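I have placed the structure first, in the form of structure tokens, so that the comments after it can refer back to it.
Number of protein chains: 2
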Amino acid sequence: MSVDGPSAKPVHRPDHPQSVGYTRAKRAVFFDQGQPLALEAGGRLSPVEIEYETYGRLSPSKDNAILICHALTGDAHAAGWDQSPEGPLRGYRKDKPGWWDEVIGPGKPVDTRRFFVICANVLGSCYGSTGPMSLNPATGRPYGLSFPVVTVGDWAKTSFLLLDRLGIDSLYAVVGGSMGGQQALEMALDWPDRVRRLIILSAAGRITAQGLSFNSVARHSIAGDPNFNGGDYYGGPPPLKGLAAARMLAHITYLSEESMGCKFGRRLQDKNTPDFTLTGVEFEVESYLKHQGESFVRRYDANSYLYITRAMDYYDAAVWGEGDMVKAASRILARTLVVSFSSDWLFPPELCRELVAAMCRSGRPVTYVDVPSRYGHDAFLVETETVSRLLDSFLKN
Amino acid sequence: MSVDGPSAKPVHRPDHPQSVGYTRAKRAVFFDQGQPLALEAGGRLSPVEIEYETYGRLSPSKDNAILICHALTGDAHAAGWDQSPEGPLRGYRKDKPGWWDEVIGPGKPVDTRRFFVICANVLGSCYGSTGPMSLNPATGRPYGLSFPVVTVGDWAKTSFLLLDRLGIDSLYAVVGGSMGGQQALEMALDWPDRVRRLIILSAAGRITAQGLSFNSVARHSIAGDPNFNGGDYYGGPPPLKGLAAARMLAHITYLSEESMGCKFGRRLQDKNTPDFTLTGVEFEVESYLKHQGESFVRRYDANSYLYITRAMDYYDAAVWGEGDMVKAASRILARTLVVSFSSDWLFPPELCRELVAAMCRSGRPVTYVDVPSRYGHDAFLVETETVSRLLDSFLKN
């Protein structure tokens, strides 16, 4: 996701009463003895480490937990100011709080005075949970592409394992945007009576053929990079060019045509007349994309990009209804809020409404809001005020 | 452009009364003695060869010429069955007529019983006109990136030179789709009294920031290919992976989300359950894109892709009005038809209407049609019946 918004966001320093303050990554290890985790796609994994953060306090009755699910290239550091020794490895910055600090904190919509908030990094990621960059205990070397294929279903499963470990029987709410919305939905489908509220932002039961296509070209770019070496690049230079191209492409899909037009238009980059360069930067928007690509490759692992986009591809909530979304939706027991954004073309409102309509037809309680916004898919992170109001009222209810 | 349509198109064999029959590429050479061509971006080029085809006969008064302008990866072989010795080099197939055979021929909308039809390959292309693949006479080696930057303005200029050579003072009409529409527009702006009718399909006065972005990522993919070698790859393996990625990406923009959904949906490729492969093909749409990428690299030169996408980037018709599209449009003397397609998101209807509105405001005669279609940008090649009716009535008038 891009981080640019309609205006400067308030950054609450660690000592601000609305900040969760300093945070540290935690780690839960599963399947480190005996049986490995049996994954949905058939693979097996042992051990399974999940990196997570928590904010606020679990109530004595353990009924106040909210799980936050991160997006494609996201991490467990959702709020506050990281102090983990691993922080710099993850790319966490000292001058920036977690990725959803605007909505998580004392007195914020996800109010840590009231709720115990958990955010866990997904399996397959490069931000602390076991993934292709992790050491394969059988070889002592990074897994690379020998890492098993993981699915959104596996993320739901490992999230429930983490909840077990924390002694939490059912969630007050699970909240996720984009890919995180898929995970949130999957949890409500997989184990309905453990999820009391479900909040899905900019997500749907499955991505479109166009979404599959963008992911496919992104992976093609990565796998085509000369440094890719079948995913076994950890001892040498990583496939940075391919990963940068994948990220540049993804960024186009996060913005709307309108927001790109407003933000950059056809303006040249720091000049009044073009240089007439074929592969250099001429337009502001090129400079922006180039910057996005370059900064991304410093913080993300190419193999993780392959695994996680594939998990998004495979995800189809209708599987729970043998292909019938209505039948699938009838499993959900959570009170549900679905939010789409008018200019989102990665998870367009019509696609989000497929899930909403399925819930309506199956008689499940669902609140649906389509937010008018020009910020495209990024709107779920950018339209903080609107999202805050929606979260606040839905969580208070 | 993709070639798949709503239904099978009639293919008129060479002996069909509505076919232009067998065709041969022609060649016009300019600037081969003395002064080189001074290009808009400042470069110089000598000699300048233009490959073109003609169908029908020029009238004694030379007032019946229609120029067809091709799209991004198009060529001069617009109609009929190629018999040129160069044909196989260009990738022209023996079992397929030219790319717009449906509309050009005796009794077709661009009626060769009445009109003398010309289609010329643009400068910078790899289909016969001088481009980066051509030999630089100064070195005896292919130009590669030492080829000068060309612009849509240069294409207009060389088209007029070709018309001069053919003794044609003014065109009955110039017709182009997508990038060809930009060239057609430029000709009507550059030399207004030489263009009596202007037909623009799926094009506009300039591309959007989103369009710039897609072109930028495509070039990034090509230039990032290990075989690219600064464009000097003609003695070795060409940058096929990068070019394939560029083409796959472009293909996504040629189809609409709806047409992709209808055509492929989320169906798996020749299987009922996924193989769980990260970089292989799982979904039909992946197979389609892969095929598009692979077949494209057999027929197209990566350097040409850089030059021609850059020309599209730079093009801004408003330059004729010092940034004011209305002022620019006031130059046009041609009767104009602009056609957009409802689901085109590369040249979306709103963008096409910018030009139409400018013409209206400058008091220039313009007919505008927005065709409801689910075929996206490709619609201008796919919605043959509608396009034929529009061309037919506008050209008859």
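If you read the sequences in order, they're chains A and B.
Quick note on my numbering: the first sequence kicks off at 3 and runs consecutively.
Quick note on my numbering: the second sequence kicks off at 3 and runs consecutively.
No residue lacks a Cβ here, since even glycine has one placed at the ideal position from N, Cα and C.
Being a predicted model, the structure only gives us computed values, none of them experimental.
Quick check on the DSSP output: the beta strand (DSSP E) that includes residue i runs from which residue to which?
{"i": "THR338(B)", "result": "337-343"}
{"i": "GLU53(B)", "result": "50-57"}
{"i": "ARG208(A)", "result": "Element bounds for ARG208(A): n/a, residue is neither H nor E."}
{"i": "ILE120(B)", "result": "118-122"}
{"i": "ILE68(A)", "result": "67-71"}
{"i": "VAL368(A)", "result": "368-373"}
{"i": "ALA30(B)", "result": "28-32"}
For residue i, which three-state DSSP category applies?
{"i": "VAL287(A)", "result": "helix"}
{"i": "LEU392(B)", "result": "helix"}
{"i": "GLY233(B)", "result": "helix"}
{"i": "GLY183(B)", "result": "helix"}
{"i": "LYS98(A)", "result": "coil"}
{"i": "TYR302(A)", "result": "coil"}
{"i": "GLY107(A)", "result": "strand"}
{"i": "ILE310(A)", "result": "helix"}
{"i": "VAL219(A)", "result": "helix"}
{"i": "PRO275(B)", "result": "Looking at the sequence itself, residue 275(B) is Thr, so the reference to Pro does not match. Residue state, collapsed to three classes: coil."}
{"i": "LEU383(A)", "result": "helix"}
{"i": "VAL22(A)", "result": "coil"}
{"i": "ARG15(B)", "result": "coil"}
{"i": "GLY7(A)", "result": "Low confidence applies here, because GLY7(A) scores a pLDDT of 46, under 50, leaving its location unreliable; read the following figure in that light. Coil."}
{"i": "ASN399(A)", "result": "coil"}
{"i": "GLY263(B)", "result": "helix"}
{"i": "ILE334(A)", "result": "coil"}
{"i": "ILE170(A)", "result": "coil"}
{"i": "ASP346(B)", "result": "coil"}
{"i": "ASP318(A)", "result": "strand"}
{"i": "ASP195(B)", "result": "helix"}
{"i": "GLY178(A)", "result": "strand"}
{"i": "ALA40(A)", "result": "strand"}
{"i": "VAL154(A)", "result": "helix"}
{"i": "LEU270(B)", "result": "strand"}
{"i": "LEU74(B)", "result": "coil"}
Interface residues of chain B around residue i at Cβ under 7 angstroms?
{"i": "LYS243(A)", "result": "GLY226"}
{"i": "ALA43(A)", "result": "PHE278"}
{"i": "LEU251(A)", "result": "VAL219, LEU251"}
{"i": "LEU147(A)", "result": "LEU280"}
Give the single residue among the options whose Cα lies nearest to the Cα of residue i.
{"i": "CYS264(B)", "options": "GLU324(B), TYR377(B), THR25(B)", "result": "TYR377(B)"}
{"i": "VAL368(B)", "options": "ARG355(B), SER375(B), PRO374(B), ARG301(B)", "result": "ARG355(B)"}
{"i": "LEU357(B)", "options": "SER375(B), ILE334(B), PRO374(B), ASP346(B)", "result": "ILE334(B)"}
{"i": "LEU60(B)", "options": "GLY109(B), GLY89(B), ASP113(B)", "result": "ASP113(B)"}
{"i": "TYR2(B)", "options": "GLY76(B), ASN399(B), LEU348(B)", "result": "Summary: the structure shown does not reach residue 2(B), with chain B confined to residues 3 through 399, and so no result is reported for it."}
{"i": "ARG26(A)", "options": "GLY100(A), ARG15(A), GLN20(A)", "result": "GLY100(A)"}
{"i": "GLU400(B)", "options": "ASP97(B), ILE106(B), HIS18(B), GLU55(B)", "result": "In the structure displayed, chain B extends from 3 to 399; residue 400(B) sits before or after that span and is not available."}
{"i": "LEU173(A)", "options": "LYS273(A), GLY179(A), ALA186(A), SER180(A)", "result": "ALA186(A)"}
{"i": "GLY130(B)", "options": "PRO90(B), PHE298(B), LEU168(B)", "result": "PRO90(B)"}
{"i": "GLY82(A)", "options": "LEU257(A), MET250(A), ARG15(A)", "result": "ARG15(A)"}
{"i": "LYS98(A)", "options": "HIS79(A), TRP157(A), ALA205(A), PRO87(A)", "result": "HIS79(A)"}
{"i": "ILE310(B)", "options": "ILE254(A), VAL22(A), SER344(A), THR279(A)", "result": "THR279(A)"}
{"i": "VAL219(A)", "options": "THR338(B), LEU164(B), LYS292(B)", "result": "LYS292(B)"}
In chain B, which residues lie less than 9 angstroms from residue i when you measure between Cβ atoms?
{"i": "PHE266(A)", "result": "ALA211, LEU214, SER215"}
Name the chain A residues whose beta carbon is nearer than 8 angstroms to that of residue i?
{"i": "GLY207(B)", "result": "Correct list: empty, because the minimum Cβ distance to chain A is about 11 angstroms."}
{"i": "ALA247(B)", "result": "VAL219, HIS222, SER223, GLY226, ALA247"}
{"i": "GLU259(B)", "result": "THR210, ALA211, GLN212, TRP347, PRO350"}
{"i": "ILE254(B)", "result": "GLN212, SER215, PHE216, VAL219"}
Kindly indicate the opening and closing residues of the alpha helix (DSSP H) around residue i.
{"i": "ALA329(A)", "result": "The identity of residue 329(A) in the sequence shown is Lys, whereas the question assumes Ala. Counting along the chain, the alpha helix (DSSP H) containing LYS329(A) begins and ends at 327-331."}
{"i": "ALA78(B)", "result": "No alpha helix (DSSP H) holds ALA78(B); DSSP gives it neither H nor E."}
{"i": "THR255(B)", "result": "242-256"}
{"i": "ALA359(B)", "result": "351-363"}
{"i": "GLY89(B)", "result": "89-92"}
What in chain A is Cβ-close to residue i, meaning under 9 angstroms?
{"i": "MET262(B)", "result": "THR210, ALA211, GLN212, LEU214, SER215"}
Members of the region 274-297 of chain A that neighbour chain B once the beta carbon cut-off is set at 9 angstroms
PRO276, PHE278, THR279, LEU280, THR281, VAL283, GLU284, PHE285, GLU286, VAL287, GLU288, TYR290, LEU291, LYS292, GLY295
What residues from the region 298-316 of chain B come within 8 angstroms of chain A, judged by C-beta to C-beta, listed N to C?
LEU308, TYR309, ARG312, ASP315, TYR316
Quick one, which residues of the region 172-200 of chain A are near chain B if we go by CB-CB under 8 angstroms, in chain order?
none
Determine which residues of the region 127-152 of chain B have a Cβ less than 9 angstroms from any Cβ of chain A, and write them out in chain order.
LEU147, PRO150, VAL151
Can you pull out the residues from the region 315-340 of chain B whose beta carbon lies closer than 8 angstroms to at least one beta carbon of chain A?
ASP315, TYR316, ASP318
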